[in-house]
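Asks: Residue numbers (the working numbering): 1 to 327.
One structure coming up, written as C-alpha cells, with questions to follow.
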Amino acid sequence: MDRAAEMEIFVHAVEEGSFSAAARTMRLSPSAVSKYISRLEDRLGARLLMRTTRQLSLTEEGRAFYERARTILNEIEEAEEVVTQLYAAPRGTLRINASVAFTKMQVVPLIPEFLARYPDVRIELTLDDKFTDLVNDGYDLAIRLSALEDSSLIARKYAVNRRMIVASPEYLEKNGIPRKPQDLENHNCLHLSSRESFNDWHFETPDGHVAFRAQGSFSANDGDVLHEAVLAGLGMARLAEYLVHEDIRAGRLTPVLTEYVHDQAWISAVYPHKRHLSPKVRAFVDFLAEKFTPVPPWELGFRDARSVRRPADAAPADGGPTEPADQ
Numbered sequence: 001m002d003r004a005a006e007m008e009i010f011v012h013a014v015e016e017g018s019f020s021a022a023a024r025t026m027r028l029s030p031s032a033v034s035k036y037i038s039r040l041e042d043r044l045g046a047r048l049l050m051r052t053t054r055q056l057s058l059t060e061e062g063r064a065f066y067e068r069a070r071t072i073l074n075e076i077e078e079a080e081e082v083v084t085q086l087y088a089a090p091r092g093t094l095r096i097n098a099s100v101a102f103t104k105m106q107v108v109p110l111i112p113e114f115l116a117r118y119p120d121v122r123i124e125l126t127l128d129d130k131f132t133d134l135v136n137d138g139y140d141l142a143i144r145l146s147a148l149e150d151s152s153l154i155a156r157k158y159a160v161n162r163r164m165i166v167a168s169p170e171y172l173e174k175n176g177i178p179r180k181p182q183d184l185e186n187h188n189c190l191h192l193s194s195r196e197s198f199n200d201w202h203f204e205t206p207d208g209h210v211a212f213r214a215q216g217s218f219s220a221n222d223g224d225v226l227h228e229a230v231l232a233g234l235g236m237a238r239l240a241e242y243l244v245h246e247d248i249r250a251g252r253l254t255p256v257l258t259e260y261v262h263d264q265a266w267i268s269a270v271y272p273h274k275r276h277l278s279p280k281v282r283a284f285v286d287f288l289a290e291k292f293t294p295v296p297p298w299e300l301g302f303r304d305a306r307s308v309r310r311p312a313d314a315a316p317a318d319g320g321p322t323e324p325a326d327q
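Put into C-alpha cells, the structure is as follows:
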C-alpha cells in the first residue's frame, strides 16, 4: 500500500468517524482499514488516532497530519481534474450576464457559430448594464466593458472599448463644432440615466485633466437609444467606437474633440475565481478571444491596426487571464 493510499484511508476514517464507515467508502474490510492505519502510525512513529468502541478522536500529531494529508489529497484530485477537463466536451447550460449594447451588436451575431461548434451547450443570456453578483445570482460568466470591482473574480481581456464624442453633420452645421472641452457648455449633451458615472466625460488638455458632466434635454437608460438620438440630430453623445464606426465611415456621424478625448476601457469576460474552469466556460471564453483579438472586427478597415493604442496595462501576449486595471 503506497503512502497516498494510506493517507486517503486515514482521512476517510477521520471524516467519517469510524473504521467501518471508511471501509464502506473504500470498499475494504474494517480490519483492513485498521491494519493500514496501524501500519501508517508505525511508520511515522506516532499515535494518530485514539480509538474507543464508540468513536475516533485525533491526537495532536494526528490533527497536524490530517490537515496536511487533506491538502495533499485535494491537490491530487485537482491534478486529475485538469487532465479530465482537457478532454471533456463542453455541455450544459451556460448562464451569461452581459452589457446590453455591446452584446446585442457584437456577441449575439456570433452565438449561432458557437452553438454549432458545441451542440451540447445551451446559452441563457441576460442583458444588464448594472453590476451583477455572479456567484449569488448563479451566472457562469459576465461580459463587461469597465473595471473589475470584485477582487474575487478573474477576467480575460479581449479588446479596448474606445469611446468618442459624436454628433450628426446636421447638428454640427446648426450648432457649431466644439473646438475645446469648455465649448460643450453650449451644446445639447445627451445623458445615460442608467450609469451616472458614464456621464462624466474626461479630456486631456495642455492645462491638464478636465472632466465635464454631460447635461442636455434628453436622457435614456440604454446606449442604443442615445445612438439613435444622435443620428436623429438631437445632440451629441459619448458612444463606443464599436457602436458608431460604421456611421462615421458612412458620414452619418462626425467625431469631435478627438485630440482631447482619452476614454477607453477593456472589454473582458469575467468569471468567478476558480482554479479550473468548466469546459463550457473555457470554450466560450476562448471563442470570444478568437473573435475579438488581436484586432476586434469593428477596428478592421476603420483604422490602421498597427497604430491602435492600448492601455498601459496591455493584456499579455498569450491572451491569458488578467485582472483589469481601473479605467
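Idealized CB from N, CA, C, for every residue including glycine.
By how many angstroms is the C-alpha of ALA229 removed from the C-alpha of ALA331?
Replies: Residue 331 falls outside the range modelled here, since the chain spans only 1 to 327, and no answer is possible.
Asks: Return the CA-CA distance between MET164 and ASP263, expressed in angstroms with no decimal places.
Replies: Cα to Cα, the separation comes out at about 7 Å.
Asks: Evaluate LEU226 with the Cβ neighbour count: other Cβ atoms within 10 Å of its Cβ, from every protein chain shown; 16 or more gives buried, anything less gives exposed.
Replies: So LEU226 ends up on the buried side.
Asks: Could you check the C-alpha separation between VAL128 and PRO206 for me, to the nearest Å?
Replies: In the sequence as displayed, the identity of residue 128 is Asp instead of Val. Approximately 37 Å between the Cα atoms of the pair.
Asks: On the DSSP letters alone, give me the boundaries of the alpha helix (DSSP H) that VAL107 sits inside.
Replies: Careful: VAL107 lies outside any alpha helix (DSSP H) and carries neither H nor E.
Asks: Is LYS291 closer than 8 Å to LEU58 when the C-beta atoms are compared?
Replies: Result no, Cβ atoms of LEU58 and LYS291 do not sit closer than 8 Å.
Asks: Using the Cα positions of THR25 and PHE287, report the straight-line distance between them to the nearest angstrom.
Replies: Cα to Cα, the separation comes out at about 41 Å.
Asks: For ILE143 versus ALA98, is the C-beta spacing smaller than 8 Å?
Replies: In contact: ILE143 and ALA98 (Cβ atoms closer than 8 Å).
Asks: Could you pull the start and end residues of the alpha helix (DSSP H) that PRO279 belongs to?
Replies: Taken as a continuous stretch (DSSP letters only), the alpha helix (DSSP H) holding PRO279 covers 279-292.
Asks: Taking ALA328 and ASP224 to be in contact with their CB atoms under 8 Å, please state how far apart those CB atoms are, rounded to whole angstroms.
Replies: This structure gives no information on residue 328, because the portion of the chain shown stretches from 1 to 327.
Asks: Which runs of the beta strand (DSSP E) fall wholly inside the stretch 135-196 and span at least 3 residues, in chain order?
Replies: Here the runs fully enclosed are 141-144, 153-167.
Asks: Quick check on the burial criterion: 16 or more other C-beta atoms within 10 angstroms. Buried or exposed for ALA5?
Replies: It counts as exposed.
Asks: Check whether the Cβ atoms of LEU253 and SER168 sit closer than 8 Å, and answer yes or no.
Replies: Contact flag set, yes.
Asks: Which residue comes first and which comes last in the beta strand (DSSP E) that contains MET236?
Replies: That residue, MET236, is in no beta strand (DSSP E); it is neither H nor E in DSSP.
Asks: Does DSSP put ASN221 in a helix, a strand or coil?
Replies: Looking at ASN221 - three-state DSSP - the assignment turns out to be coil, as it is neither helix nor strand.
Asks: State the DSSP-derived secondary structure class of VAL261, mapped to helix, strand or coil.
Replies: It is a strand residue.
Asks: Tell me, please, which residues DSSP counts as bridged to LEU94.
Replies: Looking at the DSSP assignment, LEU94 forms a beta bridge with ILE123.
Asks: So what does GLY208 bridge to, in DSSP terms?
Replies: BP columns for GLY208 point to THR205.
Asks: Where does LEU49 fall in DSSP's three states?
Replies: Here LEU49 sits in strand by DSSP.
Asks: Could you check the C-alpha separation between ALA22 and ARG54 for me, to the nearest Å?
Replies: Each residue's Cα considered, the two are about 15 Å apart.
Asks: Consult DSSP for ARG213 and reduce its assignment to one of helix, strand or coil.
Replies: Looking at ARG213 - three-state DSSP - the assignment turns out to be strand.
Asks: Leaving out five residues on either side along the sequence, give the residues of the same chain with a beta carbon under 8 Å from the beta carbon of ASP304.
Replies: Legend: pLDDT at ASP304 = 44, less than 50; position of this residue unreliable, value from coordinates given subsequently. Within the same chain, ASP304 has no close Cβ partners at all.
Asks: Can the beta-carbon of ALA214 be found less than 8 Å from the beta-carbon of HIS202?
Replies: The answer is no: Cβ separation not under 8 Å.
Asks: State yes or no: is the C-beta of PHE284 within less than 8 Å of the C-beta of LEU145?
Replies: The answer is no: Cβ separation not under 8 Å.
Asks: Residues in its own chain within less than 7 Å of ASN175 by CB, not counting five upstream and five downstream?
Replies: Cβ within range, chain order: HIS187.
Asks: What are the residues that DSSP puts in a beta bridge with ASP200?
Replies: The partner list for ASP200 (beta bridge, DSSP) reads ARG213.
Asks: Do the stretch 170-184 and the stretch 128-142 meet, that is, are 3 or more Cβ pairs less than 8 Å apart?
Replies: The stretch 170-184 vs the stretch 128-142: no contact.
Asks: Confirm, please, whether the CB-CB distance from ALA13 to TYR158 is below 8 Å.
Replies: No; because the gap between Cβ atoms is not below 8 Å, this pair is not in contact.
Asks: Nearest to ARG162 by alpha carbon, out of ALA232, ALA265, GLY216, GLU15?
Replies: Among ALA232, ALA265, GLY216, GLU15, the Cα nearest to that of ARG162 is on ALA265.
Asks: Just grab the DSSP bridge partners of VAL270 for me.
Replies: VAL270 is bridged to ALA142, ALA155.
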